[in-house]
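Chemist:
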Amino acid sequence: MAKITYTEVQDNLKTLSENITPQTYAFDFVQAFGIPKATLTKLKKTSPDGREVIHKGGAMVRVVDGDPIDALVRLKNEKSLKTNRIRILMVTNLETAIAFDTKVNETMPTLPLENLHEEFEFFLPLAGMERASLASESVADAKAAEKMAKLFDILKAYNGTSTDEELHAMNVFLARLLFCFFAEDTGIFGKNQFTQLTADVTQKDGSDMHSILAEVFSILDLAPHEPGRDNHSNLIKSLPYVNGGLFAESLPVPKFNLRARSALIECGALDWSKINPDIFGSMIQAVVDVKQRANMGMHYTSVENIMKVISPLFLEKLHDAHQKVLESGFNAARKVTELKALCSRLSKIKIGDMACGSGNFLIIAYRELRLLEMEILKSIRELEGNSNQMALGFGSPQCGISVGQFYGIELDEFCCQIAELSLWLVEHQMNQQFNEEFGSSEAVLPLKSYNNLHAGNALRIDWNSVMPNEGEVYIVGNPPFLGSSMQSKEQKEDMKHILSKLPKYKKLDFVTCWFYLAGQYIRNTSAEFALVSTNSICQGSQTGSLWPSILQNNIEISFAHTSFKWTNNAKNKAAVICVIVGLRTLSSEDKLLITENIVSVVKNISPYLANSESIIVDGSWKALNSFPMIEYGNKPTDGGNLILNDDERNEIFNNEPFAKRFLREYIGSAELINGKRRWCLWLHETDLEQLEKNIVIKARLDKVRKMRLDSTKAATRDFAKEPNKFEFASYSSKRGTGLFIPRVSSETRNYIPMDFRGNDTVASDSNFVVYDAPRYLLALLSNKMHTLWVATVGGRLKTDYRYSNTLCYNTFPVPDLANSDIDKLEAFANQIIRERIMSGDTLATLCVRSKMPASLLKVHSELDAFMDSLYQKASGRSKPLETDADRLEVLFKLYTEMKAKAGK
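Now the structure itself:
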């Protein structure tokens, strides 16, 4: 083949698209990829009419009169593809074209012939260039979902689907199609049997498609010896009996037109054997929910993340049990007996997901147990020295995991159907894998129906009625998170139904309902559970509301993944900060604390997911540590009319002698951290009548008054009578210097940014302020120990620290300080202030160890070491505090003592 470049292929196809000659198009197409003239001459001799060109080892191009999709379905089964080693099969009616890559089993979507150059990369193998492999494991699933979405949209529009009954029928129809497409590509049906049948026996305008499909679906629900089978044509009755309930319900099939028929056949042209049931189930949800369509597969839970749940919960223990037998001193016969017992154990485990969605967790759990089962059976085979693969059998009393061991509840009926279907699909895939290894597998058809997946509200159903808590039982899942402000009216009612006895339950995340119910489910049993949640349930006030009610029932946290970004491998990645928490009844077994994939064996895991006792920090309005009072900053509620930028401030300062006396620097968290500047008019302490004599001030006050009067809040409307005052004010010109602390700051900083400001500065309500704060307080709060306390017991805004007066400041455990300790802390504070001034950088930089000047880093390192020594001494420890786990252990110990001393 003549050498041709990537760009030349693109240019040649573009030229061809602009100059289509019907009589020579097939030859022109193959010529675009640089084949020698001599080869082209030979091809022309073998195809004088130019309607089919077969280039061995390259392309087969077929020009047809009808629908290219129908032709492609038929051509894919022709023996000439293999005998001629055809790589790309391209079919066109000179208006539209479709193509198929035989090596990677990928179909190019149908498109107008004049746009063929837009898909030039698909044809690169014809020029001796392989396309770059796509990184996403969900490429096949995404394409399938997009094709199904196209079919769904066409059918919905053509049939006017709108009622609940019609949508239910459409959902079931899609589930049935999915099964048929998968079945014909994985050996359950004959190869392409379903798609070929629909292409061959239906009218091209689609007018009889619905009746043919109805007939197909009915035959799939008829057992082999039922008399009704004889009433159908040989083509249709050649389809096998499926059972399993998938085709049992008698429902109308949507009517088709030409476009819908083509879309269905196009779906069938895909290679469905490459579908991942765990990914595809989530994507197909988006097919029927147009709101999710733009984020197809966004909430698919990746295998990696599912493994973070199931591995420490049960899978690692089962693998360890396998290895323990192999490494034991038992003789071969005893090992075989033990391994068969382990297989029997696997066949009895029950796994439930009470918010199962499309079944991701159940599918992966099933697959992993089947893989482990096969590893155990291989070990048995090796120990028995038996090369006869059939000797082991499948489904014997010693082994035989089934989908009947998996249970779930899902609010969305269609998701529930897809979950059940996906379990059947993965069962078949694993049976095929089993067959390759052992030479036998259980027959796929007829499907078994276990009725273990329930469509309904998991918060209103007794979980024991779905999955009886007997034997070895595990609950897994990723329930809906939803903070209190995001919950619907119905969800708030569910919260009340489940959690009304808990303090401040209305402020809890929705996911806490599943934690609470799972705790009730495993109480006084050997069952265990592990769920994913946003990290907020292990921080701040939610910790105290939720966890005592669970842990009081002799339940403990068995393992936990501390905060990490929960992403997935689907087309658009969802990212949220999550934790995974596993729970069980009290046990002497190891407890695992996992941070950034580093596993630590610990004595106890607290509700804050720390290696410490299960102590709950209660918010306190009083400083338990004898700190000076911390107050909120000032909230204007003014529509921005009392707040000024530099230009507005300068205008008043230079031109308004009366007004400029009221100017104050106005500092929010952004200004404090990033060194920005804003200003405000502080009119609080001046008579309103006098103020309104000034035109500039009056204009602003009028706007404040109007804004407040227009408010929906009665308190704000009432405050319109005093437009010169902030709605909330802690500042006064008579108060001293304040220590400003932002209410939210980035978790990437080693120290909480804070700084002193004079009494000519007003703090906004995005800061806390400690007025007249002693200088040493800056050092006492600007160190590793205090940051760790905030990170552990404070709340979060996404991943950012949310500083709390009641939870962080007032409860921070501080050892008894001698005068000499206070003097040292004050010296550290002075050094920090001096180094900051000398650097000229902002707090955004100066609170990050990797960015701060070396001289400031030295001060902070010495301060951190000094704080460690104070806490070590106060706790009576003989060993230094080397890790954050050590520090938290001491902090919680001191907190308990401090709380008792305060009489709380």
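Take the sequence shown: its position 708, counted from the start at 1, is 708 in the UniProt record's numbering, and no numbers get skipped. C-beta atoms are modelled at their ideal positions from N, C-alpha and C, and glycine is treated no differently. All values derive from a computational prediction rather than experimental measurement.
As a quick exercise: from Val696, Leu222, Tyr731, pick the residue whose alpha carbon is nearest that of Asp772.
Modeler: The count along the sequence shown starts at 1 and reaches residue 772 at position 772. Ranking Val696, Leu222, Tyr731 by Cα distance to Asp772 puts Tyr731 first.
Chemist: One question on the structure: do Gly738 and Val769 come within less than 8 Å of each other, judged by their Cβ atoms?
Modeler: Taking the first residue of the sequence shown as 1, we reach residue 738 at position 738. Taking the first residue of the sequence shown as 1, we reach residue 769 at position 769. Taking 8 Å as the Cβ cut-off, Gly738 and Val769 qualify as a contacting pair.
Chemist: By how many angstroms is the C-alpha of Pro112 removed from the C-alpha of Tyr366?
Modeler: Your numbering for residue 366 matches position 366 in the sequence shown. Your numbering for residue 112 matches position 112 in the sequence shown. Their backbone Cα atoms lie some 43 Å apart in a straight line.
Chemist: Using alpha carbons as the reference points, say which of Ile461, Asn159, Asn469 lies closest to Asn524.
Modeler: On the sequence shown, position 524 is the one that residue 524 refers to. Answer by Cα proximity: Asn469.
Chemist: Write down the C-beta distance between His428 and Ile616 rounded to the nearest angstrom, noting that I regard them as a contact closer than 8 Å.
Modeler: Residue numbering aside, residue 428 sits at position 428 when the sequence shown is read from its first letter. Residue numbering aside, residue 616 sits at position 616 when the sequence shown is read from its first letter. That belief does not hold up - the Cβ atoms of His428 and Ile616 are roughly 49 Å apart, past 8 Å.
Chemist: From the DSSP output, read off the bridge partner residues of Lys591.
Modeler: Sequence index remark: in the sequence shown, residue 591 carries index 591 (1-based). The secondary-structure analysis by DSSP pairs Lys591 across a beta bridge with Val602.
Chemist: Give the range of the beta strand (DSSP E) segment to which Asp755 is assigned.
Modeler: Looking up residue 755 in the sequence shown gives position 755. DSSP places Asp755 inside the beta strand (DSSP E), whose first and last residues are 755-757.
Chemist: Per DSSP, what are the beta-bridge partners of Cys578 in this structure?
Modeler: One-based indexing of the sequence shown puts residue 578 at position 578. According to DSSP, which records beta bridges pairwise, Cys578 is partnered with Thr534, Phe564.
Chemist: Less than 8 Å between the CB atoms is what I'm expecting for Leu89 and Ala99, so what's the real figure, rounded?
Modeler: As a working mapping, residue 89 is identified with position 89 in the sequence shown. As a working mapping, residue 99 is identified with position 99 in the sequence shown. Sure, about 7 Å apart at Cβ, within 8 Å.
Chemist: With a threshold of 16 other CB atoms inside 10 Å of the CB of Trp679, please say whether the residue is buried or exposed.
Modeler: Stepping through the sequence shown from its first residue, residue 679 is reached at position 679. Counting Cβ neighbours within 10 Å, Trp679 comes out buried, since at least 16 surround it.
Chemist: Kindly identify the DSSP beta-bridge partner or partners of His454.
Modeler: Here residue 454 refers to the residue found at position 454 when the sequence shown is read from its first residue. Ile409.
Chemist: On the DSSP bridge assignment, give the partners of Thr107 in chain order.
Modeler: Reading the sequence shown from its first residue, position 107 is the one you call residue 107. Secondary-structure assignment with DSSP links Thr107 through a beta bridge to Phe100.
Chemist: List the endpoints of the continuous alpha helix (DSSP H) containing Glu166.
Modeler: Sequence index remark: in the sequence shown, residue 166 carries index 166 (1-based). Taken as a continuous stretch (DSSP letters only), the alpha helix (DSSP H) holding Glu166 covers 164-185.
Chemist: In three-state terms, what does DSSP make of Pro742?
Modeler: Position 742 of the sequence shown holds residue 742. DSSP places Pro742 in strand when its eight states are reduced to three.
Chemist: State the Cα-Cα distance for the pair Asn694 and Phe658, rounded to the nearest angstrom.
Modeler: By one-based count along the sequence shown, residue 694 stands at place 694. By one-based count along the sequence shown, residue 658 stands at place 658. Computed Cα separation, rounded: 8 Å.
Chemist: One question on the structure: do Ala419 and Cys356 come within less than 8 Å of each other, judged by their Cβ atoms?
Modeler: In the sequence shown, counting from the first residue as 1, residue 419 sits at position 419. In the sequence shown, counting from the first residue as 1, residue 356 sits at position 356. Cβ distance < 8 Å, so Ala419 and Cys356 count as in contact.
Chemist: Which same chain residues end up closer than 6 Å to Val444 when comparing Cβ atoms and leaving out the 5 residues on each side of it in sequence?
Modeler: As a first step, residue 444 must be located in the sequence shown, where it is residue number 444. Ile188, His428, listed in sequence order.
Chemist: For Gly408 and Met354, which I take to be in contact (beta-carbon distance under 8 Å), what is that distance rounded to the nearest angstrom?
Modeler: The sequence position of residue 408 within the sequence shown is 408, counting from 1. The sequence position of residue 354 within the sequence shown is 354, counting from 1. Going by Cβ atoms, the distance from Gly408 to Met354 rounds to 7 Å, so yes, they are a contact pair.
Chemist: How big is the Cα-Cα spacing for Thr883 and Ile557?
Modeler: Sequence index remark: in the sequence shown, residue 883 carries index 883 (1-based). Sequence index remark: in the sequence shown, residue 557 carries index 557 (1-based). Whole-angstrom Cα-Cα distance: 21 Å.
Chemist: Shorter than 8 Å from the beta carbon of Ser855 to some beta carbon of chain B?
Modeler: Considering every chain present, this structure includes no chain B. It has just one protein chain.
Chemist: Can at least three beta-carbon pairs, one atom from the stretch 869-887 and one from the stretch 777-795, be found at a separation below 8 Å?
Modeler: yes
Chemist: Measuring straight from C-alpha to C-alpha, what distance separates Arg735 and Asn759?
Modeler: For the purposes of this step, residue 735 is taken as residue 735 along the sequence shown, with counting starting at 1. For the purposes of this step, residue 759 is taken as residue 759 along the sequence shown, with counting starting at 1. Distance between the alpha carbons of Arg735 and Asn759 is about 6 Å.
Chemist: Could you give the DSSP three-state label for Lys824: helix, strand or coil?
Modeler: Taking the sequence shown and counting its residues from 1, one reaches residue 824 at position 824. Helix at Lys824.
Chemist: On a Cα-Cα basis, can you pick out the residue from Tyr241, Phe173, Gln539 that is closest to Tyr803?
Modeler: Locating residue 803 in the sequence shown gives position 803, where the first residue counts as 1. When each option's Cα is compared against that of Tyr803, the closest is Gln539.
Chemist: Looking at the unbroken beta strand (DSSP E) that takes in Gly477, where does it start and where does it end?
Modeler: In the sequence shown, counting from the first residue as 1, residue 477 sits at position 477. For Gly477, the enclosing beta strand (DSSP E) starts and ends at 473-477.
Chemist: Take every Cβ of the stretch 524-537, pair it with every Cβ of the stretch 474-484, and state whether three or more of those distances are shorter than 8 Å.
Modeler: Verdict: yes, contact present.
Chemist: Sort Ser764, Val602, Thr39 by Cα distance to Lys56 and report the nearest one.
Modeler: Residue 56 sits at position 56 when you count from the first residue of the sequence shown. The shortest Cα separation from Lys56 among Ser764, Val602, Thr39 belongs to Thr39.
Chemist: Excluding five sequence neighbours on each side, which residues of the same chain lie with their C-beta closer than 7 Å to the C-beta of Asn12?
Modeler: As a position in the sequence shown, residue 12 is number 12, starting the count at 1. For Asn12, where only same-chain residues beyond five positions count, the Cβ hits under 7 Å are Ala32.
Chemist: Are the Cβ atoms of Leu781 and Met754 separated by less than 8 Å?
Modeler: One-based indexing of the sequence shown puts residue 781 at position 781. One-based indexing of the sequence shown puts residue 754 at position 754. Contact: yes.
Chemist: Please say whether Ile537 and Asp509 have beta carbons closer to each other than 8 Å?
Modeler: Translated into the one-based positions of the sequence shown, residue 509 becomes position 509. Translated into the one-based positions of the sequence shown, residue 537 becomes position 537. Contact flag set, yes.
Chemist: Could you check which residue in Ala183, Glu596, Ile550 has the C-alpha nearest to that of Arg584?
Modeler: Sequence index remark: in the sequence shown, residue 584 carries index 584 (1-based). Minimum Cα distance to Arg584 is reached at Ile550.
Chemist: Look up Trp679 in the DSSP assignment and give the residues it is bridged to.
Modeler: The sequence position of residue 679 within the sequence shown is 679, counting from 1. Answer is Leu644, Glu665, bridged to Trp679.
Chemist: For Ala214, does the three-state DSSP call read helix, strand or coil?
Modeler: Position 214 of the sequence shown holds residue 214. Correct three-state label for Ala214: helix.
Chemist: So, does the stretch 193-210 touch the stretch 256-264, judging by three or more C-beta pairs under 8 Å?
Modeler: By the Cβ criterion, the stretch 193-210 is in contact with the stretch 256-264, since at least three pairs of Cβ atoms, one from each stretch, lie closer than 8 Å.
Chemist: DSSP has Gly50 in a bridge; who is on the other side?
Modeler: Sequence index remark: in the sequence shown, residue 50 carries index 50 (1-based). Answer is none; Gly50 lacks a bridge partner.
Chemist: Would you identify the three-state DSSP class for residue 909, choosing helix, strand or coil?
Modeler: Missing from the structure shown is residue 909; the chain here goes from 1 to 904 and no further.
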